[in-house]
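Structure first, commentary second.
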Amino acid sequence: MNKTTINDVAKYANTTRSTVSRVLNNSPLVNPRTREKVLEAIDVLRYTPNKTARSLKSGKSHVLGLVYSQQQISEVLMNPGVPGMIKSISERAQSEGYNILLITSAGVDYKSYDDLIMKHSVDGFIVSGAMIHDSLHEVLDKAKIPYVYNMKYSESKDDCYVTFDDVEGGYLAAKYLLDLGHRDIKLIVGDVKGTVLSFNHSRIAGFKKALQEYEIPFVDSMVLRTPGDMDSSYHFIASLFARERPTALLLSNEVTSTAALNALIDKGFSIPDDVSLVAFGYPDFFRYTRPSLTTVGLDIVWQGNHLVDMLLQRINDPGSTPAAMIKKPELVVRESTKKAP
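If you count by the numbering used here, then the sequence shown holds residues 41 to 381, one letter each, in order.
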């Protein structure tokens, strides 16, 4: 059986090939009655547009690359915020006529990207979790391929990223606990190959700001670093409470927060009677923990939508440098916090 062509659709709808093309591209220049006839023809003939031909004509693949770096590969499977982010990005991209190609980087050697770049398999990249001084942006700049980040990774003034005000987040969380009378507070942050990512540096700055308002001196032991995987975080928290008893913890992500909750309950601690917990991350997930966790909530739907919009702006206007977008987080108070014992 011969494959149905755009000419077959035009003949069936009694119109021209160019009119069918306009309908396929959602052009507003098509008469509604004609559009209806073309759509009926497409349905009856089961016509599928030749995406390869359309890509060659437009110079675009209509595919966006979503990059998760090495330290986040495990999070793609374990962190509940990551599937939510992928869903948000995918839905927004599809609404704009694009598909998503998920890419996991096994390191900072980006030779594996050469094939994608040289064949123009993707029109641009959304980069999540790159390390400070990561070289990916140099590869993409050289290839003149647009990209955006999910946070600020350098001091470059022309970085394009969509993120959250993590200084404000650290401040909100710490001030809330201080208002409840807590003074022995630990901020637990992820350690990625000996490096603290930029958003955690910002949360530490917010934590220090709140302490300063209460005239409480900051000491280095208030901030503790743990590998971000579930097993390491679980044993880290269990070990911490075997030697000391802080009255409150600030926990930097969904995985560490879940691990801390499980470790403390397993060791016989009552939350929040013995220790209060405040998590950073996807607020909808923490609604379903027991107890539900007070959260510095990050609106990943907002972030995912705007990452796609910003990247498409760079794709459609190669000379543009959209301004960074930074949203203030919201403190969602739930069952895991109370006044200091």
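For each residue, glycine too, the CB sits at the ideal point set by N, CA and C. Being a predicted model, the structure only gives us computed values, none of them experimental.
When the alpha-carbon of Leu280 is set against those of Val179, Gly209 and Leu227, the nearest one is in Leu227. Taking C-alpha positions only, Ser360 is separated from Asp349 by approximately 13 Å.
Separation of Leu104 and Leu338 (C-alpha to C-alpha, rounded to the nearest whole angstrom) is 23 Å. Looking at the DSSP output, Tyr189 shares a beta bridge with Val167 and Tyr201.
Just so you know, the alpha carbons of Glu80 and Ala53 end up roughly 8 Å apart. Closest by C-alpha distance to Val107, out of Ile166, Asn139 and Gly344, is Ile166. Pairing Tyr274 with Pro120 gives a Cβ-Cβ distance that is not under 9 Å.
Between Thr44 and Leu85 the beta-carbon gap is near 5 Å, inside 8 Å, which marks them as a contact. Looking at the DSSP output, Glu370 bridges to Gly337. Bounds of the alpha helix (DSSP H) holding Gly121 are Gly121 to Ser135. Counting along the chain, no beta strand (DSSP E) covers Tyr87, and no H or E run does either. Put simply, the backbone Cα of Arg374 is about 31 Å away from that of Tyr189.
Counting along the chain, Arg57 sits inside the alpha helix (DSSP H) bounded by residues Arg57 to Leu64. A straight-line Cα-Cα distance of about 19 Å links Ser297 and His222. Between Leu220 and Lys368, the C-beta spacing is not below 9 Å. The Cβ atoms of Leu289 and Val318 sit closer than 9 Å to each other. Between Ile185 and Asp163, the gap from beta carbon to beta carbon is short of 9 Å.
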